[in-house]
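Colleague: Have a look at this one.
Numbering (my numbering), first residue to last: 1317 to 1591.
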C-alpha cells in the first residue's frame, strides 16, 4: 500500500477509493476564488467549490436635473422690494385706520365682517389672476397702465371700507406667498402656517395639488381655496376660455399637453420641486 502525503486541503480516502475520482483544484495567485473541475456525475462525498461573483455597485447617476435653487430669475430686486414695501404700507395704513375708526365709532362687528368679506373676495381675485397668468400671455406681454395708481388726496375714514380694502388687498398681495407655501411640505413650513392651512384659512398642499394634475384647469384660487369648488363645478373658467377663444381666437395653455414646468414633481429626499 502506498503512503499518501497528508495535507490539510485534502480528505483522507480509504484504500478502496476509486482512483478515477480525482479532485483538480486550481488556485490562482491573483484571485480569491477557487475553481473545481469534476465529472458531471459527482458523488455526495466529493468537495466542490463554487465561484462567487459580487456585482459592482450601481454607479450610474440619475439623469434628472434638480431644480436650480438660486435661479437668478427668481431673485428679488430692489424694484420688487419697493413694490412690496409700498403695498405693505398701504395695507397697514388701511387696517390701522379701520381699527382707529372702529374704536371711535364703537362698532366692531361691521368692520370684522367687512374684513372677512374682503378675505373671501381676495381668494376669488387670486383665482382669476392665477387663471389669467397660467393660460394667457408670456414674458413679452405688454403691461397696460400702472398696477398701483398714484396716491391722490382722497381720504376715507370709514372703518368698514378700510377693513375690507386692507384685508382684501393684503391677501391678494401675499397670495403668491400663500401659493408657495401650498407647494411646501409641513416639515419645512413655519408651525403657524401649518396651523392656518389645517384650519382652512390658507390653501394647503393637498388642496392645491389638484391644480397640477389632469385636467390642469381647476383649483386656481390660492388664498384659502374657498371659491375653488364653486368655480370648478360651474365651469366658470372653462366658459371664460371658450368666450375668449371664439372672440379673439386665443387658446389657453390648459388645452395643450402640459410641460414639466406645469406639472408638480414629487419630493425626493430633501428636494422639493415647486411650481
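We put the CB at the ideal spot given by N, CA and C, even for glycine.
Go to residue 1563, then tell me how far its alpha helix (DSSP H) extends in each direction, as first and last residue.
Modeller: From DSSP, the alpha helix (DSSP H) with residue 1563 extends over 1552-1564.
Colleague: With C-beta atoms as the reference, is residue 1552 less than 8 Å away from residue 1560?
Modeller: Going by C-beta atoms, residue 1552 is not nearer than 8 Å to residue 1560.
Colleague: When DSSP labels each residue in this structure, what does residue 1606 get in the three-state scheme?
Modeller: Any property of residue 1606 remains undetermined from this structure, which presents the chain solely from 1317 to 1591.
Colleague: For residue 1516, does the three-state DSSP call read helix, strand or coil?
Modeller: Coil at residue 1516, not helix or strand.
Colleague: Helix, strand or coil: how does DSSP classify residue 1474 here?
Modeller: Coil, per DSSP.
Colleague: Check each candidate in 1417, 1484 and 1442 and name the one with the smallest Cα separation from residue 1432.
Modeller: Of 1417, 1484 and 1442, the residue nearest in Cα terms is 1484.
Colleague: What residues in its chain sit with their C-beta under 7 Å from that of residue 1424, if we drop five residues either side in the sequence?
Modeller: Taken in chain order, the residues that qualify are 1418.
Colleague: Between residue 1498 and residue 1529, is the Cβ-Cβ spacing less than 8 Å?
Modeller: Not closer than 8 Å, so no.
Colleague: Quick one: what does DSSP say residue 1533 is sitting in, helix, strand or coil?
Modeller: The answer is coil: DSSP assigns residue 1533 none of H, G, I, E or B.
Colleague: Identify whether residue 1541 lies in helix, strand or coil by the three-state DSSP scheme.
Modeller: Residue state, collapsed to three classes: coil.
Colleague: Taking the C-alpha atoms as reference points, what is the distance between residue 1500 and residue 1512?
Modeller: C-alpha separation (whole angstroms): 14 Å.
Colleague: Specify the secondary structure class of residue 1397 as computed by DSSP and reduced to three states.
Modeller: Helix, per DSSP.
Colleague: Using 8 Å as the threshold, is the C-beta distance between residue 1430 and residue 1479 below it?
Modeller: Yes, the Cβ-Cβ distance between residue 1430 and residue 1479 is below 8 Å.
Colleague: Can you say whether residue 1404 is buried or exposed, counting buried as having 16 or more other CB atoms within 10 angstroms of its CB?
Modeller: Exposed: under 16 other Cβ atoms inside 10 Å.
Colleague: According to the Cβ coordinates, are residue 1295 and residue 1534 closer than 8 Å?
Modeller: Residue coverage of the chain in this structure runs from 1317 to 1591, which leaves residue 1295 outside it and unanswerable.
Colleague: Run the CB neighbour count on residue 1451, radius 10 Å, all protein chains shown included, and call it buried at 16 or more, exposed below.
Modeller: The residue is buried, with at least 16 neighbouring Cβ atoms inside 10 Å.
Colleague: Please classify residue 1567: does DSSP put it in a helix, a strand, or coil?
Modeller: In this structure, residue 1567 counts as coil in the three-state DSSP scheme.
Colleague: So residue 1538 and residue 1446 are supposed to be a Cβ contact under 8 Å. How far apart are they, rounded?
Modeller: Indeed, because the Cβ distance is near 6 Å, the residues count as touching under 8 Å.
Colleague: Check residue 1447 in the structure and name its three-state DSSP category.
Modeller: Note: residue 1447 maps to helix in three-state DSSP.
Colleague: Excluding the 5 residues flanking residue 1440 on each side, which residues of the same chain have their C-beta closer than 6 Å to its C-beta?
Modeller: The answer, listed in chain order, is 1543.
Colleague: Per DSSP, what kind of secondary structure is residue 1572 in: helix, strand or coil?
Modeller: If DSSP states are grouped into helix, strand and coil, residue 1572 belongs with coil.
Colleague: Determine the closest residue to residue 1437 out of 1557, 1493, 1488 and 1495, with distance taken between C-alpha atoms.
Modeller: Minimum Cα distance to residue 1437 is reached at 1488.
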